[in-house]
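To start, the structure itself, in C-alpha cells.
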Amino acid sequence: MDMDLNCSWNSDDEYMKFIQRMNPPRVVIDNESCENATVVRVDSANKYGILLEVVQVLTDLNLIVTKAYISSDGGWFMDVFKVTDSEGKKLRDETTISGINGIVDYIRKSLGADSSFVPSRRRSVDVAPSTNHTSIELTGTDRPGLLSELSAVLTVLKCNVVNAEVWTHNTRAAAVMQVTDEATGSAITDPERLSRIKQLLRNVLKGNKTREAKTTVSEEGTHTDRRLHQMMLEDRDYERCDQQVLGHEALRPNITLVDLCDRGYSRVTIRCKDRPKLLFDTICTLTDMKYVVYHGSVDGEGPEAYQEYYIKHIDGRPVNTDPERERVVQCLEAAIERRVSEGLKLELCTGDRVGLLSDVTRIFRENSLSVTRAEVSTRGGKAINTFYVRDAAGNPVDAKTIDSIRQLIGQTFLQVKGLCDQSKAPQGSPTRFLFGGLFRSKSLYNFGLVRP
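Per UniProt numbering, the very first residue in the sequence shown carries number 1; after that it's consecutive.
In C-alpha cells, the structure reads:
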C-alpha cells in the first residue's frame, strides 16, 4: 500500500522522527559483487526528499552513478547505486568510503532523524551573511555583459568574489555568489551596506525592463546546485519560443511521460547524452516540482543515459492532464540542458584579488566572447575559475582570439582545457550571452555607482 506523502512527511512530525531513530539508515559498501564499480546500498525509513538527499551526497563526493535501482513504495526506502570515481574506477580509498565525511558517514548524517528536507525558496536577489562570507543569489534576464556589470558593482563596493557558480539557459541567468569584505576578508554584516549591495545589484538587473527585480534576505544552508535549479525553475526558463525549439531540436533530450492508470503511477523515461550529475539534475527537478519517485532504474554505462521513473505527485495522484504532462517534460528538459557546457573550456589559476572576476569577464566581453557557464572558487589564496566560452554568434572560438586573451591575462595563468561540444551548438543561438557580446554594457554611473 502506498504511503500518504503529504503532511506525514513534515520535518516537524515527531512520530516520523521517532521511527527514524528506531530504524537508523543502513549504508552498505560492496566492492566485491561488481567488477567495474563500487555498489552502495541504502536502506532507511522513508520520508519526502530522501532520494534527492542520497543522490546529492554521491554528487558532492564527485562520484559517478553508472547504474541505480530505486524503490520507496511504502514506509521503507531501498536503493542500490553502482558508482565510480571521476576516472571511472572503483573506490579504494577507505577515507572516501568509511572515514569522517565519507560515503557512509555523510549519508547517515543526511538521513538521520534530526535532518530535515529544505523547502524551495524563490527569490530574484538574495543576500545572506554568514561568519565567513556573504551569499548572494541572482536571477534575471540574460543579456550581454550582465555578469561583468555585476562583478564591477561588487568591486566598487569593496567586495571580493571568493566562490560563484553561474548558469545560463534560454535567455535566463542565475548565479549563486559568495563574497567577502575587501578590508577584513570576512562576511559583510553591516545592515546599511547589505542594503546598498542589494539595491545596486537590483539596479543592474533592472537594465532589462521585461521583469521587475526584487530584493530579499535569504536563509542559509541550501545546496548551491539545487538553488540554481530552483531559481531557474521559478524564473520559467523551461518556456521556449518556436524558434528556440527548432534551433535546439537535435540537442534536446528524449523525454516521454505516460499514465499507468491500472497501477496509479505516471512513468517518465529519459534518454540523452550521459554526463556527470545528470541523475542529480533530474531528481532535483522532480522533487522541487513536488513529485515522488516510487520506483526507478538508471543506466549510464554507455554514451547515452537511460532513466525510468514511476512517479506520483506528493498528494498521491499521477500526472493526469495534458498541461501538467507537458510542463513536467519541459522542466526536465530544461534541468538537463542547464548544465550542458557548450564551447571551449578555459581554466584560470592565479592569486586571488579583489576585482579579478570583473577584470577577466571584461576582457572576455571586449574580445566578443560568450561564456555559457562559469565556476569560481578560491582555495588557499588561489583563484581557480572555469569558463566555457564561445564567440558572440555561438560559433567555436577562433584560436587567434584565445591566443590574444591568454597574452592579456597570462599564458601560464589561463589554460585551454578542452573542447565541450563546440561543433554541436546551433549558430546564432540567442540563449548564450551572459558575459560577452558585440554590444557595450551600460556605464557604471547608470547604476548609481559613480557620477558622470
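Just so you know, even glycine gets a beta-carbon here, dropped at the ideal spot from N, CA and C.
In chain order, what residues of the same chain have a beta carbon less than 7 Å from the beta carbon of F413, not counting five sequence neighbours either side? L348, C349 and T350
At what residue ranges does the stretch 284–310 contain a whole run of the beta strand (DSSP E), taking only runs of 3 or more? 291–299
Can you tell me whether DSSP reads residue 479 as helix, strand or coil? The requested residue 479 is not part of the displayed model; the chain covers only 1 to 452.
With distances taken from CA atoms, which of N46, I197, D73 and E337 is nearest L279? E337
Is it the case that the Cβ atoms of T139 and A164 are separated by a distance below 8 Å? no
Roughly how far, in whole angstroms, is the beta-carbon of V376 from the beta-carbon of L357, given that I think they are within contact range, below 8 Å? 6 Å
Simplified DSSP state of I70, which is helix, strand or coil: strand
For K158, does the three-state DSSP call read helix, strand or coil? coil
Okay, do the stretch 183–198 and the stretch 250–259 touch, 3+ Cβ pairs below 8 Å being the bar? no
Rounded C-alpha distance that separates D60 from T95: 15 Å
Starting from residue 462, trace the alpha helix (DSSP H) in both directions and tell me its first and last residue. The structure shown does not extend to residue 462, since the chain is modelled only from 1 through 452, so no value can be given for it.
Straight-line Cα distance separating E32 from residue 481: Summary: the structure shown does not reach residue 481, with the chain confined to residues 1 through 452, and so no result is reported for it.
So, does the stretch 53–69 touch the stretch 273–289, judging by three or more C-beta pairs under 8 Å? yes
Which term fits R123, buried or exposed, when burial requires 16 or more other beta carbons within 10 angstroms of its beta carbon? With a pLDDT of 45 at R123, under the threshold of 50, the predicted position of this residue should be treated as unreliable, though the coordinate-derived value follows. By the neighbour-count rule (16 or more Cβ atoms within 10 Å), R123 is buried.
Just checking my contact of D30 with V42 at CB under 8 Å: how many whole Å lie between their CB atoms? Contact doesn't hold; Cβ gap of about 12 Å is too wide.
D85 versus R108: straight-line alpha-carbon distance, rounded: 20 Å
Outcome for N132 when other beta-carbon atoms lying within 10 angstroms are tallied against a minimum of 16: exposed
Only counting the same chain, and skipping five residues up and downstream in sequence, which positions put a Cβ closer than 8 Å to that of D288? S120, R226, H229, Q230 and L233
Measuring CA to CA, which of L58, L147 and M177 is closest to L205? L147
Compute the minimum distance between the beta carbon of L356 and the heavy atoms of the ligand ZN, and state whether it is under 7 Å. As for the ligand ZN, it is missing from this structure, which has no ligand bound.
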